[in-house]
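Since the structure comes first, as C-alpha cells, the remarks are kept for the end.
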Amino acid sequence: MNIHEYQAKELLKQFGVPTPAGKAAFSAREAGEAAQEVPGPVWVVKAQIHAGGRGKGKFKEAEAGEKGGVRFAKTKDDVREIAEQMLGHTLVTKQTGPDGRVVNRLLIAEDCNIGRELYLSALVDRSSSRVAFIASQAGGMNIEEVAEETPEKIVTVTIDPATGFMPYHGRKIAFALGLEGKQQMAACFKLIAALYKMVLDKDVSLLEINPLVVTKSGELTCLDAKVSFDSNALYRHPDIIEMRDLDEEDPAEVEASKHDLSYVKLEGSIGCMVNGAGLAMATMDIIKLYGAEPANFLDVGGGASKEKVQAAFKIILSDPAVEGILVNIFGGIMRCDIIAEGVVAAAREMEIKVPLVVRLEGTNVELGKKILAESGLKITPADDLGDAAKKITEAVKAS
459 MNIHEYQAKE LLKQFGVPTP AGKAAFSARE AGEAAQEVPG PVWVVKAQIH AGGRGKGKFK
519 EAEAGEKGGV RFAKTKDDVR EIAEQMLGHT LVTKQTGPDG RVVNRLLIAE DCNIGRELYL
579 SALVDRSSSR VAFIASQAGG MNIEEVAEET PEKIVTVTID PATGFMPYHG RKIAFALGLE
639 GKQQMAACFK LIAALYKMVL DKDVSLLEIN PLVVTKSGEL TCLDAKVSFD SNALYRHPDI
699 IEMRDLDEED PAEVEASKHD LSYVKLEGSI GCMVNGAGLA MATMDIIKLY GAEPANFLDV
759 GGGASKEKVQ AAFKIILSDP AVEGILVNIF GGIMRCDIIA EGVVAAAREM EIKVPLVVRL
819 EGTNVELGKK ILAESGLKIT PADDLGDAAK KITEAVKAS
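Each residue of the sequence shown is one higher than the one before, counting from 459 in the numbering used here.
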C-alpha cells in the first residue's frame, strides 16, 4: 500500500525525522489557508498523486498551465491560483503512463534553502533478508539516470536484524553521502536510526527520500518522501489503513481486496483465474508461450468459496480488454466441485459471452468435471495446462 507525500512526512515527523513544514489542501480555499500557517515568503505547491516525476510531469488540460506538478508561489494569492489550476486536472508523468492521474490533493510546503541534493532509501532486500539502505550523492530528479548510467555512484548498506542499527552503519552511509563535520555526521546517525525503526515498527517495504537535502546552513532535511507498506501486515496498523487513498488505486484491484483476492491488471486479452501464486505465474507464462498475453494475475487462494469464484469472474470481466478466460485450478485444499459450482453460477449470472476454458485437477476432480459437463453452458474442458493454454488462445483468435 502506498501513501501520499504529505502523509509520509507526517509519519516521518512521528519518528523524529526532520522535514519542511507543510499542510495538505483539498481545495483552493484550503490551499490559501495553508499558506497562512506554513512559513513563507516562498511556498511550494506540490500535486499529491501516487507517482514520481511530478516536477517534470505535464497536465493534460490547458487550463492547468504548462508547468508541472511542483510549482513555487511567491504570494498567498499565487498559492490559491496554482491550486485552482492543479486540482481536478490530470497530471501525466513517466510513472503514471499516458492516462495520468487526477490531482485531488495538494501539499503546501515551505521552501528550503538547498545546498546539496542527496538520495536515500530503505527497503526490504529479499536476497539478503535484511533492511538495505541505498545512498547516493547524486540525488534529485535524475536519480533514475544515475542508476542506469553511473551505478557506481550508488552505495548499498544492509543491516543484520540480529544486531540492528549500529554506529558503523551510520558512518558508512554518511561517507557515501559525502557528509562532513560532527554536526552532519551526528544528524545522519540519528536519521538512519529513526528510519530503521520506522521500517521495522510500521512494516515498511520501501521508504524513499529524494531528495535528502543538506541546507546551506549544513542541516539535513527530507524534502520529499515516498513510503510503501507490506499489505499483508496492514492488519497490525489501523492508523496506516486510514491513510489509504482508494482514488489512487485501480478500481478492480480495490474490489478484489474486498473479497480477499490477489489481483493485478495486465495488458493482455486472456483473463486468468488460478489458485496459488506459483501456479498463476506458470499459467501466465504458458499463455505467452502459446502466443497470447494474460490480461491479469488473479489468485483466488487455497480455500475459495463459490461466492469468491463469482466475485473473481466479475472482476475479470470488468476489464473490457478480456477476450477469453482461462480457469486453472489444482484442488489440494480447494475442492474442484466447489470451483465448478462457482464457475457455473458465474457463467449463468453474468451470461459470459467470451470463450471460457476450464482445467481442473485434484480433490473431487471428477465431480467437478461432471458439474461443468451437465451445466448446459458453453464451457470448454481441458486435460492439462498445455491443453488449456492451447484451447483458450485458439478460441480467442477464432472469435
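Here a beta-carbon is modelled for each residue, glycine too, at the ideal position from N, C-alpha and C.
Item to check | Limits of the beta strand (DSSP E) - the one that residue 800 falls within | outcome: In the sequence shown, the residue the question calls residue 800 occupies position 342. That residue, residue 800, is in no beta strand (DSSP E); its alpha helix (DSSP H) goes 794-808.
Next on the checklist: Within the continuous beta strand (DSSP E) that includes residue 788, where are the two ends?
Outcome noted: Within the sequence shown, residue 788 is the residue found at index 330, counting from 1. Unbroken beta strand (DSSP E) run through residue 788: 782-789.
Item to check | Closest residue to residue 869 among 852, 815 and 822 (Cα-Cα distance) | outcome: No statement about residue 869 is possible, as the shown extent of the chain runs from 459 to 857 and does not include it.
Item to check | Cβ pair count under 8 angstroms reaching 3, the region 746-759 against the region 697-708 | outcome: no
Checklist entry - Are residue 515 and residue 527 close, meaning C-beta to C-beta below 8 angstroms? => result Along the sequence shown, one-based indexing puts residue 515 at 57. Along the sequence shown, one-based indexing puts residue 527 at 69. Yes; because the gap between Cβ atoms is below 8 angstroms, this pair is in contact.
Checklist entry - Do residue 646 and residue 631 have their CB atoms nearer than 8 angstroms? => result Residue mapping note: residue 646 aligns to position 188 of the sequence shown, counting from 1. Residue mapping note: residue 631 aligns to position 173 of the sequence shown, counting from 1. Taking 8 angstroms as the Cβ cut-off, residue 646 and residue 631 qualify as a contacting pair.
Item to check | beta strand (DSSP E) segments (min. 3 residues) lying fully within the region 514-584 | outcome: 528-531, 548-550, 564-568 and 572-583
Next on the checklist: Let me confirm a value: residue 757 is counted as buried when at least 16 other C-beta atoms fall within 10 Å, else exposed. Which label applies?
Outcome noted: Counting from one through the sequence shown, the residue named residue 757 turns up at place 299. By the 10 Å Cβ count, residue 757 comes out buried.
Next on the checklist: Below 8 angstroms, how does it come out for the region 665-679 and the region 482-498: are there three or more Cβ pairs, yes or no?
Outcome noted: no
Next on the checklist: If you follow the beta strand (DSSP E) that residue 723 is in, where does it begin and where does it stop?
Outcome noted: Your numbering for residue 723 matches position 265 in the sequence shown. Residue 723 -> beta strand (DSSP E) spans 720-723.
Item to check | Between the CA atoms of residue 759 and residue 790 - distance to the nearest angstrom | outcome: The residue labelled residue 790 in the question sits at position 332 within the sequence shown. The residue labelled residue 759 in the question sits at position 301 within the sequence shown. Roughly 11 angstroms between the two C-alpha positions.
Next on the checklist: Could you tell me the alpha carbon to alpha carbon distance between residue 821 and residue 830, rounded to whole angstroms?
Outcome noted: To locate residue 821, count along the sequence shown from 1; it is residue 363. To locate residue 830, count along the sequence shown from 1; it is residue 372. Roughly 15 angstroms separates the two Cα atoms.
Next on the checklist: Judging by CA-CA distance, which residue of 817, 680 and 480 is the nearest neighbour of residue 788?
Outcome noted: Here residue 788 refers to the residue found at position 330 of the sequence shown. Closest by alpha carbon: 817.
Checklist entry - Excluding the five sequence neighbours on either side, which residues of its own chain have a C-beta within less than 6 angstroms of the C-beta of residue 543, listed in chain order? => result Taking the sequence shown and counting its residues from 1, one reaches residue 543 at position 85. Only 522 and 523 meet the Cβ criterion.
Next on the checklist: Taking the alpha helix (DSSP H) that residue 767 belongs to, which residues open and close that run?
Outcome noted: Sequence index remark: in the sequence shown, residue 767 carries index 309 (1-based). Its alpha helix (DSSP H) spans residues 764-775.
Item to check | Distance between residue 682 and residue 471 (C-alpha atoms, nearest Å) | outcome: To locate residue 471, count along the sequence shown from 1; it is residue 13. To locate residue 682, count along the sequence shown from 1; it is residue 224. Taking the straight line from one Cα to the other gives about 13 angstroms.
Item to check | 4-residue-minimum alpha helix (DSSP H) runs that sit fully inside the region 578-645, ordered along the chain | outcome: 601-607 and 625-634
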